[in-house]
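**Q**
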Amino acid sequence: GNNPLNMRLRLFGNFKPFGSIGGEVYGDIGTVKDTRDDTDFHFGLGFSLHYRLMKTSSFSLGPVINIPFDFHMRQDDKDNEDDDDESHTVFLPITSPRLGLQSEIMLSPKIDLVIRGEYVLTSANLGNWTYTEEQEGDEDETKTWNANWDDRGEPNINYKGWILSVGIRSTFFSSFTFE
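Numbering of the sequence shown is given in the numbering used here, commencing with residue 31 and proceeding in unit increments.
What follows is the structure, encoded as structure tokens:
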């Protein structure tokens, strides 16, 4: 969502961290608010590419493109037609490509402060809220179902606007090459 209280922890690996063109692959875990103002669990994977337009030994600045694939998890509403029914853990996949600006400031020879501002170009659901159940009598077969929602309707997660992120990057290897 677009709530300032959305929180993520990101673990990432950089490729070409000292070159003019570089990037990262990452994994996220955290929470996000949906349109019902409920907190949903979030995990994601993604990659970004950046170009260091201005580059000195202790500072860099340049454009970045980021392509995240996010998966949100919550409980659906109980199906009102069946009193014995219970709510299900449901998933919603979303992608939200972003363009922005990234600055890297060296704090010490092994630690950088990374500041990134990104604008979300679009937020696209890659499916519906769904859950999977094993079929009775056949434990090897599963079926995917759409989530059950009450009169409030389906909750949405719509990433939009600007995102500011601040992080610390540490170099763990003094010299590491692939041949």
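Think of the CB as a built atom: it goes at the ideal place given N, C-alpha and C, for glycine as much as any other residue.
Predicted, not measured: the structure shown is a model, and the values here were computed from it.
Helix, strand or coil: which one does DSSP assign to I135?
**A** strand
**Q** Look at the alpha carbon of G49 and the alpha carbon of R82, and state the distance between them as a whole number of angstroms.
**A** 8 Å
**Q** Is DSSP giving N96 helix, strand or coil here?
**A** strand
**Q** Could you check whether the segment 119-130 touches the segment 97-108, counting it as contact only if at least three pairs of C-beta atoms, one from each stretch, sit closer than 8 Å?
**A** yes
**Q** Rounding to the nearest angstrom, what Cα-Cα distance links H80 and E164 in this structure?
**A** Across the structure, H80 and E164 are spaced so that their CA atoms are roughly 44 Å apart.
**Q** Enumerate in chain order the residues of its own chain whose CB-to-CB distance from R182 is below 7 Å, with the five nearest sequence positions on each side excluded.
**A** So the qualifying residues of the chain are R66.
**Q** Taking only three categories from DSSP, how would you classify E54?
**A** strand
**Q** Determine the extent of the beta strand (DSSP E) in which G43 is found, giving its start and end residues.
**A** M37 to F45
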